[in-house]
Structures are given as structure tokens and as C-alpha cells.
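*Asks:* These protein sequence lines are chains C and S, in that order. Position one of the first sequence corresponds to residue 1 (my numbering), numbered consecutively onward. Position one of the second sequence corresponds to residue 1001 (my numbering), numbered consecutively onward. A virtual CB, placed ideally from N, CA and C, is assigned to each residue, including glycine. In this text, all values refer to a predicted model and were calculated from it rather than measured experimentally.
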Amino acid sequence: MMEDMNPVLVTTDELLAPGHRACQGCGEALAVRLVCKALGRDTIIVNATGCIEIISSALPQTSWRVPWIHTLFENVGAVVSGIESAYKVLERKGKRKRRKITFAGFAGDGGTADIGIQALSGALERGHNILFCCFDNEAYMNTGIQRSSSTPYGAATTTSPAGKRSIGQMTWKKDMPEIAVAHGIPYVATACPSFPIDLMRKVRKGAMIEGPAYIHILSQCPTGWRQPPNLTIEVGRLAVETGVFPLYEVERGEYRLNFDRYPLKPVREYLMKQGRFRHLTDEVVEEIQRKVNEKYEKLREKAGLK
Amino acid sequence: MKIDIKWHEVEIGAIVKEPGSASEYKTGDWRSEVPVRDNEKCIKCGICYIFCPEGCIYRTEDGYFDANLYYCKGCGICAYECPRGVIRMIEEKKE
């Protein structure tokens, strides 16, 4: 498509209306804006609790220009599959004209990897024709930066503070895209709003594919990552270029790396841009570098680049 | 639209009947720095438009881009990302 080549040709239809209450430089608001642009108006969005729900729906106002429903943390997968099935039944009974509608589930990393994983796993396993977008800002940002299972190793949050006896988060980030791949669904991808055209292409592909699609979107958070708001895009770009968050897609089990600038930049460049990593010693950075390299090599192997 | 509503004025199920009504809300007063453009250097690439988290940058009739200051929160992403250095952030003066 032409608009895939040039930001100027992207639709000017803002389905997430300006006036939402996101922090300055919010990567998640940008990601949602781009996802909505890619999906278009024939979309029903089911939104778990989280930053996106809070910023977009301050009663009595709403930022949404598409049908939108708020659910709890744990049942976004169940609600989106229920809506999809209801539409299928209405079409079968002839009560509704057949029309292509995208059923999208939006959740943060808490609503995907921690609390909502059971309902999401069920929805993926049953094979509903849905698109699930996880906006991963790597902690529970909306309640005040508490750690989640998606928080990376060494990051300081309010419940994993860094200090004399702690380096911050003690566990490695949960590999949610791989969990989605293990369900054997037709389409899994990772994306980042620093690469907007790539993100929009993946969302459109996920919406068009018959069956469940899962897209994991790294959403930079200036507040929780302790980074200046104007560096939002730069930090996301570094996450991809250092291999901390590689961009890849898995189409029916086939891996493809979308952005492979090899050899990678050192992870230090990414870590030291953010205040949540500033306490890390050289040994810990080395440890993270080793882990990133190891994971990236495995990914390249899967993508057949070695 | 009234922002301060009483409990008995809320629709059943807390439904909001007007899509996109948050665009009445002014987020422009969160800003401490305001983007200023020098359109002579602009190549109309649209990078500021695609990277704006507010979606407040729009295309003007002559093909350049401009920020709607009613919504602009002054994050400075457009100034940082602009490949030609068209946009500068300057401190906003109270009138």
C-alpha cells in the first residue's frame, strides 16, 4: 500500500481523539493512536484496565471514536472472544449483514502477561478471529510503577527498588510473544512506535489474517522509565537497535526478523538513557549484554539467518 | 459538555454517547515549552506528524505541518525527531 511508505500519506483520521490525559511524551498513547489509524473505523475495541483506559475515558468524556468497552484486568480475552462469537451468531441467523469488523483486545503488560494471561490463552486456543495488542510499558505504570512479570532485569520500580542490597528487578522479562507463538496461532509480531510504519503494517496484517493474532508493542513510558519525554522515540529505537526488544513476526510458525542491524549496538546505550537503570554496575550490564546476545542469536537461528 | 456531573446524571452503564468528546478538554495548559517552527528548512516529511502522541499536529493548506496548541503538551518529541531541525522548543511566556 502507498501509505505504508510515507508518513504524509497515513490517514489523518484520529480515532483516539486529542485531549486524552496521557503524560507528556507517552509512547503508549502514540502506539494506540497508530494502531487505531491502521485498524480504521470498522473496529470494536475491548480495553483492559490500565493506562490506556484511564487516560482515554475520564467520565463524562471519552477519547474514542470507535466502539469501545472497558473490562477488568483479567477478562479482556474472554470479552473480546465473546463479542466476536456474538457477531458470528448474528450473521449466521441473518440478523446482521456480513461485514468485515476487527475485534481488537487492548491490554497493558499487566493485563496480558500477569493477570490476563489465562483469558488470553483461552481466546488464542479457541481460535477466535481477534487481534490482541499488548502495550508493554514494562511495569504497572498507571498505579505508580509497580513491577510486573514484564519488567526487565535490573530495572528499579517502586516495588523492586534499587539500593545497597538490591539491583532492582531480580528476574528476567517474561517472553510473552514466545508464549503466544507456543499456542500455534497464525500471526504473532513485536512492534515499537519508534518504527511507526512497521507497526501499522503489522497491525493491518494481524487484523486481516483469519484467526487470532497477537502483537506485542513496546510502549515507552517517560514517567516510569525515568527518561526525558522528548527521548521517547529515541529510547524505543535504541531498544530495537541494541537487541533488547527485537522486531520480528511469526507467520504460521515461520520467523522473520524485520530489523536486523548486525552486529548490535551495546545495551549500555539503551540502559543509560533511562533513570530506572542508572544504578547498574558494569557487571550487571555485562550480564544483561550476555543474555541479550544469547536471545538474539537464538532468534536469528529461528529466522534462518545463520 | 458539563464536566462536573452528579451521580444521577450519569447514563446507565456509564455510557458516553458522544464519541471523541475528550477533544473539548484543553491539555495545552500542561505545557511549559512551546514548539516554534522555521518552515524555510522544512522538507514536509511528516515525521513530526507521525510521532506526535497527542495527534495534535495537522497539515496546513500549503503542505507544511503545524501543532494545535490547544492540545500540545509540549513533550518535545517533534523537536527532537525532526531531521532538519525545523522545530525548536522555547519557554512559554504567560500572557
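1) Please report the straight-line C-alpha distance between G1020 of chain S and E297 of chain C, rounded to a whole angstrom.
2) Could you give the distance in angstroms between the alpha-carbon of F1047 of chain S and the alpha-carbon of I233 of chain C?
3) Need the endpoints of the alpha helix (DSSP H) that L299 of chain C sits in, please.
4) Nearest-angstrom Cα distance between N1061 of chain S and A1067 of chain S?
5) Could you tell me how far apart the beta carbons of I185 of chain C and G211 of chain C are, in whole angstroms, since I believe they sit closer than 8 Å?
6) Any C-beta of chain S within less than 9 Å: which residues of the segment 10–28 of chain C qualify?
7) Does DSSP put C192 of chain C in a helix, a strand or coil?
8) Using a Cβ-Cβ cut-off of 8 Å, state whether W1030 of chain S counts as contacting chain C.
9) Just checking my contact of W368 of chain C with Q274 of chain C at CB under 8 Å: how many whole Å lie between their CB atoms?
10) Flag this pair as yes or no: are the beta carbons of A104 of chain C and T43 of chain C separated by less than 8 Å?
11) Nearest chain S C-beta to N47 of chain C closer than 8 Å, yes or no?
12) Once you ignore the five residues that flank E84 of chain C on each side, which residues in its own chain have a CB closer than 8 Å to its CB?
13) Indicate the three-state DSSP secondary structure (helix, strand or coil) for W172 of chain C in the structure shown.
14) Let's test the definition: count the other Cβ atoms within 10 Å of the Cβ of Q118 of chain C and tell me whether it reaches 16, buried, or not, exposed.
15) Spell out whether any CB of chain C is found under 8 Å from the CB atom of I1047 of chain S.
16) Smallest Cα separation from K202 of chain C: which of C:Y248, C:R237, C:A182 and C:C221?
17) Curious, which full-length beta strand (DSSP E) runs of at least 3 residues does the segment 1022–1089 of chain S contain?
18) Jot down the residue ranges of each uninterrupted beta strand (DSSP E) in the segment 180–257 of chain C, minimum 3 residues, whole runs only, in chain order.
19) Ordered along the chain, which non-local residues of its own chain (more than five positions away) have a Cβ less than 6 Å from that of T171 of chain C?
20) Return the chain-ordered list of same chain residues with a C-beta closer than 7 Å to the C-beta of T158 of chain C, the five sequence neighbours on each side being excluded.
*Replies:* Taking the geometry as given:
1) 45 Å
2) First, the residue type needs correcting, since residue 1047 of chain S is Ile and not Phe in the sequence shown. Distance between the alpha carbons of I1047 of chain S and I233 of chain C is about 11 Å.
3) D282 to K302
4) The amino acid occupying residue 1061 of chain S in the given sequence is Glu; Asn does not appear at that position. The straight-line gap from Cα to Cα measures roughly 14 Å.
5) 6 Å
6) V10, T12, E14, L15, L16, A17, P18, G19, H20, R21, A22, C23, Q24, G25, C26, G27 and E28
7) coil
8) Judged by the 8 Å Cβ criterion, W1030 of chain S is in contact with chain C.
9) Given a span of 1 to 306 for chain C in the structure shown, any question on residue 368 of chain C remains unanswerable.
10) A contact, by the Cβ cut-off of 8 Å.
11) no
12) F103, H128, N129 and I130
13) coil
14) A residue is called buried when at least 16 other Cβ atoms come within 10 angstroms of its Cβ; Q118 of chain C does not meet this threshold and is exposed.
15) Taking 8 Å as the threshold, the shortest C-beta distance from I1047 of chain S to chain C falls below it.
16) C:Y248
17) 1033–1037, 1057–1059 and 1065–1067
18) 187–191, 213–218, 248–251 and 254–257
19) none
20) Beyond the five residues adjoining it in sequence on each side, T158 of chain C comes within less than 7 Å, by CB distance, of G144, I145 and Q146 in the same chain, given in chain order.
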